[in-house]
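Asker:
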Amino acid sequence: MYRFRGTLIAFIISTAFTIPIFIAMNTSQTAYESMVALLGSTWPPITPWGFITAIFAHPSYTDYIFDMLTLWMIGPYFETMFGSRNFWLTFMLSGIASTLSPILYYAMGTPVLVGGSSGALFGLIGFIIATPHRGVILANPINIIAIIFLLSPLAFAFGIAYLGHLLGFIVGIIIGYLYIKRRRTQYFLSIS
Numbered sequence: 004m005y006r007f008r009g010t011l012i013a014f015i016i017s018t019a020f021t022i023p024i025f026i027a028m029n030t031s032q033t034a035y036e037s038m039v040a041l042l043g044s045t046w047p048p049i050t051p052w053g054f055i056t057a058i059f060a061h062p063s064y065t066d067y068i069f070d071m072l073t074l075w076m077i078g079p080y081f082e083t084m085f086g087s088r089n090f091w092l093t094f095m096l097s098g099i100a101s102t103l104s105p106i107l108y109y110a111m112g113t114p115v116l117v118g119g120s121s122g123a124l125f126g127l128i129g130f131i132i133a134t135p136h137r138g139v140i141l142a143n144p145i146n147i148i149a150i151i152f153l154l155s156p157l158a159f160a161f162g163i164a165y166l167g168h169l170l171g172f173i174v175g176i177i178i179g180y181l182y183i184k185r186r187r188t189q190y191f192l193s194i195s
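First residue of the sequence shown? That's 4 in the numbering used here, and the numbers climb one at a time after it.
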């Protein structure tokens, strides 16, 4: 059975958090900056909820479009193969790890404000790569090039918070590894 309910909910929440940013963007620079600061993640924190809302709030049209396209390319496959529970667990934990990246940027002397689902989506990618289903992603050389670029410091030159991607990716790999390890343990216990 093809599943996409979690993907649809993530899309709806992302759209709901991003529309106010787009409205503010078309109002004034001050309104836009205030809205992004209110919903984004930075260090030190501006709001206590920024580490969660930043997962769904996209600061630009380009970020929103690419993240939502990626969500719809990966999300339904992920939910169908690994279930909605694993989708949300990986998406949220990877997303939160990603929104903590401003701490690292701040430590390096580059304060940033981050927002968007990229880190959460990289978590889903990392999860898939940690499983035997990795060929779905790694069979296409363009995917490999995009992943390497978006996880590298070179991406920062284009305004991309690569550390957020990297943190989400690492968390996704860890969750995927633990998922496979648990499945193998359950399999061996069932045949014993």
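Think of the CB as a built atom: it goes at the ideal place given N, C-alpha and C, for glycine as much as any other residue.
Here's the rule: buried if 16 or more other CB atoms are within 10 angstroms of the residue's CB, otherwise exposed. What is Y64?
Answerer: The count along the sequence shown starts at 1 and reaches residue 64 at position 61. Exposed.
Asker: With three or more C-beta pairs closer than 8 Å as the rule, is the segment 131-143 touching the segment 154-169?
Answerer: no
Asker: Would you kindly check if the distance between the Cβ of D70 and the Cβ of S120 is under 7 Å?
Answerer: As a working note, residue 120 is residue 117 in the sequence shown. As a working note, residue 70 is residue 67 in the sequence shown. Yes; because the gap between Cβ atoms is below 7 Å, this pair is in contact.
Asker: On the DSSP bridge list, what partners appear for S44?
Answerer: In the sequence shown, counting from the first residue as 1, residue 44 sits at position 41. In DSSP, S44 forms a bridge with V117.
Asker: Do G98 and I150 count as a contact pair if the criterion is CB distance below 7 Å?
Answerer: Position 147 of the sequence shown, counted from the start, is the residue given in the question as residue 150. Position 95 of the sequence shown, counted from the start, is the residue given in the question as residue 98. In this structure, G98 does not lie closer than 7 Å to I150 by Cβ.
Asker: What are the complete alpha helix (DSSP H) segments, minimum 4 residues, inside the segment 7-57?
Answerer: 8-28 and 32-42
Asker: If you draw a straight line from the C-alpha of I177 to the C-alpha of L92, how long is it?
Answerer: What you label residue 177 is simply residue 174 of the sequence shown in a count that begins at 1. What you label residue 92 is simply residue 89 of the sequence shown in a count that begins at 1. Distance from the CA of I177 to the CA of L92, rounded to the nearest whole angstrom, comes to 12 Å.
Asker: Within 10 Å of its beta-carbon, does P62 have 16 or more other beta-carbons around it, so buried, or fewer, so exposed?
Answerer: Your numbering for residue 62 matches position 59 in the sequence shown. Classification of P62: buried, given that the 10 Å Cβ count is 16 or more.
Asker: Taking its Cβ as the centre, do 16 or more other Cβ atoms sit within 10 Å of W52, making it buried, or is it exposed?
Answerer: As a first step, residue 52 is located in the sequence shown; it is residue number 49 there, counting from the start. The Cβ neighbour count for W52, taken over all protein chains shown within 10 Å, is under 16; the residue is labelled exposed.
Asker: So S87 and L166 are supposed to be a Cβ contact under 8 Å. How far apart are they, rounded?
Answerer: Here residue 87 refers to the residue found at position 84 of the sequence shown. Here residue 166 refers to the residue found at position 163 of the sequence shown. Contact flag wrong, Cβ pair sits at about 28 Å.
Asker: If you count every other CB in all the chains shown that lies within 10 Å of the CB of I194, and 16 or more means buried, which is it?
Answerer: In the sequence shown, the residue the question calls residue 194 occupies position 191. Burial call: exposed.
Asker: Report the residue from S101, R6, R185 and L141 whose alpha carbon sits nearest the alpha carbon of V174.
Answerer: Numbered from its first residue, the sequence shown carries residue 174 at position 171. Among S101, R6, R185 and L141, the Cα nearest to that of V174 is on S101.
Asker: According to DSSP, is I163 part of a helix, a strand, or is it coil?
Answerer: As a first step, residue 163 is located in the sequence shown; it is residue number 160 there, counting from the start. In this structure, I163 counts as coil in the three-state DSSP scheme.
Asker: What is the rounded straight-line gap between the Cα of T10 and the Cα of A123?
Answerer: If you number the sequence shown from 1, residue 10 lands on position 7. If you number the sequence shown from 1, residue 123 lands on position 120. Computed Cα separation, rounded: 12 Å.
Asker: On a Cα-Cα basis, can you pick out the residue from Y5, V39 and F161 that is closest to I77?
Answerer: The residue you call residue 77 lines up with position 74 of the sequence shown. If we check each option's Cα against that of I77, Y5 comes out closest.
Asker: Compute the Euclidean distance between the alpha carbons of A34 and G162, then round it to the nearest angstrom.
Answerer: Position 31 of the sequence shown, counted from the start, is the residue given in the question as residue 34. Position 159 of the sequence shown, counted from the start, is the residue given in the question as residue 162. About 21 Å.
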